[in-house]
Amino acid sequence: MSASRTFRVLPGFHLTLGCTLAYLSLIVLLPLAAVFLKSASLSAAEFWNVISAPRVVATYRLSFGVSLAAATINAVFGLMLAWSLVRYSFPGKRFIDALIDLPFALPTAVAGIALTALYAKNGWIGQYLDPLGIQVAFKPLGVLVALVFIGLPFVVRTVQPILEDLDTELEEAAASLGAQRWQIFRHVILPVLLPALLTGFALAFARAVGEYGSVIFIAGNIPMVSEITPLMIITKLEQYDYAGATAIAVVMLVLSFLLLLLINGLQAWTAKRTGRDR
Amino acid sequence: MSIQVRNICKTFGNFVALDDVSLDFPTGELVALLGPSGCGKTTLLRVIAGLEQADAGQVLLDGADASRTHVRERQVGFVFQHYALFRHMNVFDNVAFGMRMKPRDQRPSEKAIRAKVEELLALVQLEWLADRFPSQLSGGQRQRIALARALAVEPRVLLLDEPFGALDAKVRKELRRWLRKLHDELHITSIFVTHDQEEALEVADRVVLMDRGHVEQIGTPEEVYRQPATPFVYGFLGSVNFFHGRVDGGNLRVGEDVLPHSPQDFDTGSEVIAFARPHELDLVPDAHADTGVAARITRILAFGVTVRVELDGLNGATGQHFEVELTQQRVTELALAEGQTVRLLPSRLKVFQRNDAIGASA
Numbered sequence: 001m002s003a004s005r006t007f008r009v010l011p012g013f014h015l016t017l018g019c020t021l022a023y024l025s026l027i028v029l030l031p032l033a034a035v036f037l038k039s040a041s042l043s044a045a046e047f048w049n050v051i052s053a054p055r056v057v058a059t060y061r062l063s064f065g066v067s068l069a070a071a072t073i074n075a076v077f078g079l080m081l082a083w084s085l086v087r088y089s090f091p092g093k094r095f096i097d098a099l100i101d102l103p104f105a106l107p108t109a110v111a112g113i114a115l116t117a118l119y120a121k122n123g124w125i126g127q128y129l130d131p132l133g134i135q136v137a138f139k140p141l142g143v144l145v146a147l148v149f150i151g152l153p154f155v156v157r158t159v160q161p162i163l164e165d166l167d168t169e170l171e172e173a174a175a176s177l178g179a180q181r182w183q184i185f186r187h188v189i190l191p192v193l194l195p196a197l198l199t200g201f202a203l204a205f206a207r208a209v210g211e212y213g214s215v216i217f218i219a220g221n222i223p224m225v226s227e228i229t230p231l232m233i234i235t236k237l238e239q240y241d242y243a244g245a246t247a248i249a250v251v252m253l254v255l256s257f258l259l260l261l262l263i264n265g266l267q268a269w270t271a272k273r274t275g276r277d278r
Numbered sequence: 001m002s003i004q005v006r007n008i009c010k011t012f013g014n015f016v017a018l019d020d021v022s023l024d025f026p027t028g029e030l031v032a033l034l035g036p037s038g039c040g041k042t043t044l045l046r047v048i049a050g051l052e053q054a055d056a057g058q059v060l061l062d063g064a065d066a067s068r069t070h071v072r073e074r075q076v077g078f079v080f081q082h083y084a085l086f087r088h089m090n091v092f093d094n095v096a097f098g099m100r101m102k103p104r105d106q107r108p109s110e111k112a113i114r115a116k117v118e119e120l121l122a123l124v125q126l127e128w129l130a131d132r133f134p135s136q137l138s139g140g141q142r143q144r145i146a147l148a149r150a151l152a153v154e155p156r157v158l159l160l161d162e163p164f165g166a167l168d169a170k171v172r173k174e175l176r177r178w179l180r181k182l183h184d185e186l187h188i189t190s191i192f193v194t195h196d197q198e199e200a201l202e203v204a205d206r207v208v209l210m211d212r213g214h215v216e217q218i219g220t221p222e223e224v225y226r227q228p229a230t231p232f233v234y235g236f237l238g239s240v241n242f243f244h245g246r247v248d249g250g251n252l253r254v255g256e257d258v259l260p261h262s263p264q265d266f267d268t269g270s271e272v273i274a275f276a277r278p279h280e281l282d283l284v285p286d287a288h289a290d291t292g293v294a295a296r297i298t299r300i301l302a303f304g305v306t307v308r309v310e311l312d313g314l315n316g317a318t319g320q321h322f323e324v325e326l327t328q329q330r331v332t333e334l335a336l337a338e339g340q341t342v343r344l345l346p347s348r349l350k351v352f353q354r355n356d357a358i359g360a361s362a
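Chains A and B are the protein sequences, given in the same order.
Read in order, the letters of the first sequence correspond to residues 1 to 278 in UniProt numbering.
Read in order, the letters of the second sequence correspond to residues 1 to 362 in UniProt numbering.
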């Protein structure tokens, strides 16, 4: 075995790997294991009853459905934002660039209160939408607005560096070969951006699924309509139903993990298809 | 197809890239745009391609004004220095790209595309790489694929921007011979940009020498090499020795030294600069001879077919370096040694008026 040991310029492979694993175990795996352990105090039937209650199932649908929708919206507009920030120079560009990170920094509760104030029936925007029959606050649409807000920076920040590295010569080459503008975007630019775009999408989605603070204000938390899964867990905790809370948490964990695995797989597949790993 | 450019001007901020350039590129020729970096050659090529808009002037393709048409309508094949291959597509898809992007009613069938791509890959002798991705190819292979891709849309002209600039010396030499052969087969009007004089002289039918946004000389490789029109051209094409001097009857005075030369076109007293190639200089071992410029031998490099002697100027040419090429036989005959003081005697001198000689001495 030691005969096949490869020489490394930088020493410390074992040390760094050891640190990484210890750190990950302490910070990530241990708490997760605790969740699974706690939920295991329920019998299989009790567990199933908790996680398949209609009110709880409705929250899965809302949480995951709206998170996916929000991540999709952010993928489209995040790409546009990144494009205009990279490709054009305009007054106030640096200011806008800084503004993009704001949803990262803002306490989510502040964002939630601000959005509610805007979109409530008597809010600045809500008062004009209400006569049109569009209700945002206290509806799933409100949840979507909040999740789009908090997920915005992810796609922009993952796509931006790739776009900056993208050689304009590629576009010139495509144009000289007779490609139209949209063909250049579709066949030359998008394939190169796709892995980064998917990463941004996955991050925005993951963040949206776990989001609590900004959503609970604007959602109104009406059972079966606008309750998100994290709220369900808090509700259980407030009733001292720790095992029930962890049972729902386990479902969330497993679902999130599966979805992220799927997105990562998709990303690896596109990277392979686009010759990135060669 | 012929290309003409008429009074092209282009500036980038305060920098004048092209200053009123007019050129004719006849049908079927392979022309080199040669010059130092920043001379405007690449800008001119990009203006012809339509990748850059000129501030003023016209580009005529086949006699028709193309100045306002988009690059995609000009039907020019463009080859970039750094290949610009689509890295997410394999070689086949890269070459097929231009055909697949055509409007549906003009697009060849997938079968016709396949046949065409195979034909082009055979032309560039890389059929066996069709399934590879650009990152799996060597630089020389990438550039040949880039060329095949440009040829796939059957361009009316081929424009190559420093096509061999990113390759190592050996591959470079191989590829430029190959490009010449390819051009002889296809006879497509081609312009290529280079800063390598050897490359330009070896490959092109015609060489356009450019400096600081101006065209200095146009001619066949032999013409520009044998009869350089300006000091810049003389200095740019090959190694060169120069003497600053003053015309004095039948002689040229360089400081206290005298070179026997009678430049007819110059009056006595005019300040001139005289050029001689390394092989056009001979050495006189007698340091006290009446003619010749005094110099001290610093190095004798005797490993080639010819011997290269490097010298430092003395007297009137202090601070200048000279390079002389002699045969082995001549060196033995003269019994030269490093540190020896000798006199330089040119067998041929090309004399230019001093004031327009600044470019070459730089």
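Just so it is clear, CB atoms sit at the ideal spot from N, CA and C, and this is done for glycine as well.
As the structure is a computational prediction, the values presented were derived from the model and not from experiment.
Excluding residues up to 5 positions away in sequence, 245, 246 lie with their Cβ nearer than 7 Å to the Cβ of residue 253/B in the same chain.
For residue 283/B, no alpha helix (DSSP H) segment is defined; the enclosing uninterrupted segment is the beta strand (DSSP E) at 281-284.
Here DSSP, grouped into helix, strand and coil, assigns residue 288/B to coil. The shortest CA-to-CA distance from residue 89/B to any of 135/B, 61/B, 127/B is the one to 135/B.
Annotated three-state conformation of residue 341/B is strand, per DSSP. In this structure, the CA atom of residue 307/B is about 13 Å from the CA atom of residue 298/B. For the segment 173-202 of chain A, the beta-carbon criterion of a distance under 8 Å to any beta-carbon of chain B is satisfied by 173, 174, 175, 176, 177, 178, 179, 180, 183, 187, 188, 191, 192.
Comparing alpha-carbon positions, the option among 150/B, 114/B, 121/B lying closest to residue 77/B turns out to be 150/B.
Within the segment 136-153 of chain B, the residues whose Cβ lies closer than 9 Å to some Cβ of chain A are 136, 146, 149, 150, 152, 153, listed in chain order.
Taking C-beta separations shorter than 7 Å and ignoring five residues to either side along the sequence, the partners of residue 93/A in its chain run 85, following chain order.
For residue 170/A, a Cβ of chain B is located within less than 7 Å of the residue's own Cβ.
Within the segment 85-106 of chain B, the residues whose Cβ lies closer than 7 Å to any Cβ of chain A are, in chain order, 86, 87, 88, 97, 98, 101, 102.
DSSP places residue 160/B inside the beta strand (DSSP E), whose first and last residues are 157-161.
For the segment 63-76 of chain B, the beta-carbon criterion of a distance under 7 Å to any beta-carbon of chain A is satisfied by 71, 72, 76. Only residues of its own chain outside the window of five on either side were considered, and among them 70, 73, 74 have a CB closer than 7 Å to the CB of residue 148/A, listed in chain order. Assignment of residue 61/A by DSSP, reduced to helix, strand and coil, places it in the helix class.
If you draw a 10 Å sphere on the C-beta of residue 239/A, you find fewer than 16 other C-beta atoms in it, and that means exposed. A Cβ-Cβ distance of about 11 Å is found for the pair residue 172/B and residue 202/B, leaving them out of contact under the 8 Å criterion. Short of 6 Å from the beta carbon of residue 174/A, and not among the five residues preceding or following it, lie these beta carbons of its own chain, in chain order: 184, 188. Looking at the DSSP output, residue 245/B sits in a beta bridge with 272/B.
For the set 37/A, 195/A, 169/A, the Cα lying nearest the Cα of residue 245/A is the one of 37/A. Contact between residue 103/A and residue 111/A holds: CB atoms are separated by about 7 Å, below the 8 Å threshold. Contact of residue 192/B with chain A is not assigned, every C-beta pair being separated by 7 Å or more. Taking a C-beta distance under 7 Å as the contact criterion, residue 186/A and residue 151/A do not qualify as a contact pair. In this structure residue 280/B is not in contact with residue 221/B, their Cβ atoms being roughly 19 Å apart against a cut-off of 8 Å.
The criterion of a C-beta distance shorter than 7 Å is satisfied by residue 167/B and residue 140/B.
When Cβ pairs closer than 8 Å are counted between the two stretches, the segment 201-219 of chain B is seen to touch the segment 28-46 of chain B, the count reaching three or more. Residues of chain A with a Cβ closer than 8 Å to the Cβ of residue 82/B are, in chain order, 167, 169. The C-beta of residue 211/A has 16 or more other C-beta atoms within 10 Å across all chains shown, which makes the residue buried. Residue contact check for residue 78/B against chain A: a CB pair falls below 7 Å.
Minimum Cα-Cα distance from residue 232/A among the listed residues 42/A, 52/A, 11/A, 13/A corresponds to 52/A. At a cut-off of 7 Å between beta-carbon atoms, residue 44/B makes no contact with chain A. By the criterion of at least three beta-carbon pairs nearer than 8 Å, the segment 4-23 of chain B is in contact with the segment 48-63 of chain B. Contact check for residue 271/A against residue 42/A fails: the beta carbons are separated by 7 Å or more. Counting the other CB atoms within 10 Å of its CB gives residue 25/B a total of 16 or more, which places it among the buried residues.
By the Cβ neighbour-count rule, residue 163/B is buried, with 16 or more other Cβ atoms within 10 Å of its own.
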